[in-house]
Ligand SMILES: NC(=O)c1ccc[n+]([C@@H]2O[C@H](COP(=O)([O-])OP(=O)(O)OC[C@H]3O[C@@H](n4cnc5c(N)ncnc54)[C@H](OP(=O)(O)O)[C@@H]3O)[C@@H](O)[C@H]2O)c1
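Structure follows, in structure tokens:
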């Protein structure tokens, strides 16, 4: 990279992996536009870390996203890194998830990711360089039961990342997808809050499924230490600073086993493996 100070944009920088990534990028000499809804958190971060520029945006609100993208499009400094990190999950069998909550989730996890990327690309193309990092998940390659709407959004992030990687290579812009397993952030609390009282509204037919899946996931997590964000943010930084980043990085609990089996087994065998692992094998309602 040249002498001029480079700018990075990180969405979802008020918490978890986005916050840690923003801190690391600032420490590596980037000016970091740190975006999220909770401006108090972002301002606090900017007070603590030199080089952070806090910017408020609600990625669930298309009008606010347009306003934010207007600001991004007018940046005069060279923008060389975009980390599309903001995202959240909701739980529930597909019959128990309203289309409205699914649309909102896709607004944040997918459509805003695409729109913010579009806003950044003219700046990156004019420099013929840049790195886009998209936060996918291990569930970008297979759905855990009862969180398929979230998985669907991450499958879409994978497809967009794969397509961008090929489309942008001629301009020298690199695209990296990150597939974390479970990481200790605010992610779970937000998922609980956004899901609400699933058992209270679930069709009685589904209750045995939720119970079995809950017990299955409990068993899966037995003895597992869920790592903090640093495991992933170190990878993100290495990828950004690398001369030749990989297309995809996976890390965290279950990533090796589940993604390994996904790559190795045929569809029938993999879904048997997943049903067994998640406690639903043999269940009849
Ligand atoms: N933690 C995990 O186990 C895990 C595993 C795999 C993948 N991931 C993915 O990793 C990414 C980061 O998650 P995390 O674990 O760091 O979660 P987190 O601690 O909950 O952070 C999520 C960030 O997204 C922002 N965000 C959420 N809704 C937003 C909205 N409407 N507008 C603007 N910003 C919004 C939040 O900021 P505000 O609330 O301030 O807006 C927050 O900064 C997500 O894409 C997630 O899907 C997480």
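Numbering (this note's numbering), first residue to last: 1 to 285. Positions of the beta carbon are idealized from the N, C-alpha and C atoms, including for glycine.
Is any non-hydrogen atom of ligand 1 found closer than 7 Å to the C-beta of residue 68, if you look at the structure I gave you?
Checking every heavy atom of ligand 1 against the Cβ of residue 68, none is found closer than 7 Å.
Can you check whether the C-beta of residue 185 is within less than 8 Å of a C-beta belonging to chain C?
Absent from the structure is chain C; it holds one protein chain and no more.
Could you spell out where the beta strand (DSSP E) holding residue 55 opens and where it closes?
Element bounds for residue 55: 52-56.
Just to check, is the beta-carbon of residue 194 closer than 7 Å to a non-hydrogen atom of ligand 1?
Outside the cutoff, so no.
Per the DSSP calculation, residue 130 is bridged to which residue(s)?
DSSP lists 173 as partners of residue 130.
Can you find at least 3 beta carbon pairs, one from the region 133-147 and one from the region 172-179, that sit closer than 8 Å?
Short answer: they touch.
CB of residue 227 to nearest heavy atom of ligand 1: below 7 Å?
Answer for residue 227: no, Cβ out of range of ligand 1.
I want to know whether the region 12-19 touches the region 32-40 - three or more CB-CB distances under 8 Å.
Yes, the region 12-19 is in contact with the region 32-40.
Return the residue from the list 252, 258, 58, 237 that minimises the CA-CA distance to residue 246.
Here the closest residue by C-alpha is 237.
Since I believe residue 149 is in contact with residue 165 (beta carbons under 8 Å), could you give me their beta-carbon distance rounded to a whole number of angstroms?
Contact doesn't hold; Cβ gap of about 25 Å is too wide.
Taking the alpha-carbon positions, what's the residue 191 to residue 73 distance?
Going from the Cα of residue 191 to the Cα of residue 73 covers about 32 Å.
Identified DSSP bridge partners for residue 259:
Beta-bridge partners of residue 259 (DSSP): none assigned.
Please report the distance separating the alpha-carbon of residue 200 from that of residue 207.
Residue 200 and residue 207: Cα-Cα distance of roughly 10 Å.
Taking the C-alpha atoms as reference points, what is the distance between residue 123 and residue 81?
Linking residue 123 to residue 81 through their CA atoms gives a straight-line distance of about 11 Å.
Could you check where the beta strand (DSSP E) with residue 271 kicks off and where it finishes?
That residue, residue 271, is in no beta strand (DSSP E); its alpha helix (DSSP H) goes 267-277.
Just to confirm, is the Cβ distance from residue 56 to residue 37 under 8 Å?
Contact annotation: residue 56 and residue 37 have beta-carbon atoms nearer than 8 Å.
Going by Cα to Cα distance, which pick from 266, 112, 248 is closest to residue 133?
Of the candidates 266, 112, 248, the one whose C-alpha sits nearest the C-alpha of residue 133 is 248.
Grouping DSSP H, G and I as helix and E and B as strand, with all else coil, what is residue 123?
Residue 123: helix per DSSP, three-state reduction.
Measuring only the C-alpha atoms, how far is residue 202 from residue 78?
Roughly 50 Å between the two C-alpha positions.
By how many angstroms is the C-alpha of residue 276 removed from the C-alpha of residue 284?
One Cα belongs to residue 284, the other to residue 276, and the distance between them is close to 14 Å.
Compare the C-alpha of residue 227 against each of 189, 111, 185 and name the closest.
Selected option, being the one with the closest Cα: 185.
Where does the unbroken beta strand (DSSP E) through residue 40 begin, and where does it stop?
For residue 40, no beta strand (DSSP E) segment is defined; the enclosing uninterrupted segment is the alpha helix (DSSP H) at 39-48.
For ligand 1, any of its heavy atoms closer than 7 Å to the Cβ of residue 58?
Between ligand 1 and the CB of residue 58, the shortest heavy atom gap is smaller than 7 Å.
Is residue 280 near residue 212, with beta carbons less than 8 Å apart?
With contacts defined by Cβ atoms closer than 8 Å, residue 280 and residue 212 form a contacting pair.
For residue 164, the first and last residue of its enclosing beta strand (DSSP E):
Secondary structure note for residue 164: it is in no beta strand (DSSP E), and the uninterrupted alpha helix (DSSP H) holding it is 148-168.
Would you kindly report the start and end of the unbroken beta strand (DSSP E) that includes residue 31?
Residues 31-36.
Between residue 9 and the rest of its own chain, which residues show a CB-CB distance below 6 Å, the 5 nearest in sequence each way excluded?
Cβ-Cβ distances below 6 Å link residue 9 to 33, 82 in the same chain, with the five nearest sequence neighbours on each side left out; the list follows chain order.
Can you check which of these residues, 67, 215, 252, 125, is closest to residue 171 by C-alpha distance?
Checked all of 67, 215, 252, 125; the closest Cα to residue 171 is 125.
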